[in-house]
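Each residue of the sequence shown is one higher than the one before, starting from 7 at the first, in the working numbering. Glycine residues also receive a C-beta, built at the ideal position from the N, C-alpha and C atoms. The next block holds one structure in the form of structure tokens; read it before the comments.
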Amino acid sequence: MHNILAMRTPFRLTASLLILLGLCFQTEAKNLSISQEYASKIGISADGVNEILVSRETIIPRPRRGDLNEALRRFRTQTFRVSRSVAFTLNRDGMRHILQSHHPKYWDGSQEQYQTFFDEDMDERDIVRAIRKVVEENREILNSVSANQQCQVTGSIGILNRKSYVLGVKSGRRIGQFFPKHRNYQITNPCR
Numbered sequence: 007m008h009n010i011l012a013m014r015t016p017f018r019l020t021a022s023l024l025i026l027l028g029l030c031f032q033t034e035a036k037n038l039s040i041s042q043e044y045a046s047k048i049g050i051s052a053d054g055v056n057e058i059l060v061s062r063e064t065i066i067p068r069p070r071r072g073d074l075n076e077a078l079r080r081f082r083t084q085t086f087r088v089s090r091s092v093a094f095t096l097n098r099d100g101m102r103h104i105l106q107s108h109h110p111k112y113w114d115g116s117q118e119q120y121q122t123f124f125d126e127d128m129d130e131r132d133i134v135r136a137i138r139k140v141v142e143e144n145r146e147i148l149n150s151v152s153a154n155q156q157c158q159v160t161g162s163i164g165i166l167n168r169k170s171y172v173l174g175v176k177s178g179r180r181i182g183q184f185f186p187k188h189r190n191y192q193i194t195n196p197c198r
């Protein structure tokens, strides 16, 4: 029987994984060989969402701040109206938090129990469109949210490859969270 730890196995690495492994890359993922022992320190699963589990030894490089600032330079506050009298806003700070927490290009290295990422090719406009769809799907629930309430809703987007997202609103009817929902994530404060 072969010694599994000594075997070298080729892995197809996505851009998110390359970031996790601390490798520099220019465009697309490349086939690399890494030892099975090192690969076992990083658990990876996917069910339509880019998910990661990171070991404590993994060093994750921080993105260059200029990249995020450049992405936000063109961003303008977005309004999501659910009725004549109720609207939610997503300002630059909210979008900054969303990108730093859940976009592989701008991730600041922070880790949650169920860390998820948007697809790498999603940009700010795609995220705003996804938020609009989740807001529309939850129009009735969000219409009953008071101005000082903090809560979360979920919504699914897509026809063939449906993905679930979590949208969090905070005091002042501002959108403060938006991320792909991990299959094990439980909403802590649902909107009612």
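For residue i, report the span of its alpha helix (DSSP H) as first-last.
i, result
"GLN106", "98-108"
"VAL134", "130-143"
Tell me the residue span of the beta strand (DSSP E) that contains residue i.
i, result
"LEU173", "169-176"
"GLY182", "180-186"
"GLN119", "Note, GLN119: premise wrong, no beta strand (DSSP E); not H, not E."
"GLY161", "157-163"
"PHE86", "84-87"
Determine the closest residue to residue i out of the options, with distance taken between C-alpha atoms.
i, options, result
"GLY164", "VAL140, GLU130, TYR120 and THR83", "VAL140"
"MET128", "VAL159, ILE104 and SER91", "ILE104"
"THR85", "PHE94, ASN75, SER162 and LEU78", "PHE94"
"ILE137", "GLN106, SER152, GLY161 and LYS111", "GLY161"
"ALA77", "ASP132, GLN192 and SER177", "ASP132"
"ASN167", "ARG102, ASP125 and SER89", "ASP125"
"SER170", "LYS187, LYS176, VAL159 and THR122", "LYS187"
"ASN75", "PRO196, MET101 and SER91", "MET101"
"PHE81", "GLN106, GLU130 and HIS108", "GLU130"
"PRO196", "GLY178, GLN158, GLN106 and SER177", "GLN158"
"VAL134", "ASN144, GLN106, LEU96 and ALA153", "LEU96"
"VAL88", "ASP114, ILE147 and ILE193", "ILE147"
"SER177", "SER152, GLY115, THR194 and ARG189", "SER152"
May I have the straight-line CA-CA distance separating residue i from residue j, to the nearest angstrom?
i, j, result
"PHE185", "LEU173", "7 angstroms"
"GLN155", "ASN149", "12 angstroms"
"ARG98", "GLN119", "25 angstroms"
"ARG180", "ASP73", "24 angstroms"
"TYR191", "GLY182", "17 angstroms"
"ARG108", "GLN121", "Rather than Arg, the amino acid found at residue 108 in this sequence is His. Each residue's alpha carbon lies about 8 angstroms from the other."
"VAL175", "LYS111", "24 angstroms"
"GLU143", "GLN117", "28 angstroms"
"SER1", "ARG198", "No answer is possible for residue 1: it lies beyond the span of the chain, which begins at 7 and ends at 198."
"THR83", "TRP113", "21 angstroms"
"ARG145", "THR194", "20 angstroms"
"ARG189", "PHE123", "13 angstroms"
"GLY115", "GLN106", "8 angstroms"
Can you tell me whether residue i sits near the ligand FMN, meaning its C-beta is under 7 angstroms from at least one heavy atom of the ligand?
i, result
"ILE137", "This structure lacks the ligand FMN, and indeed carries no ligand of any kind."
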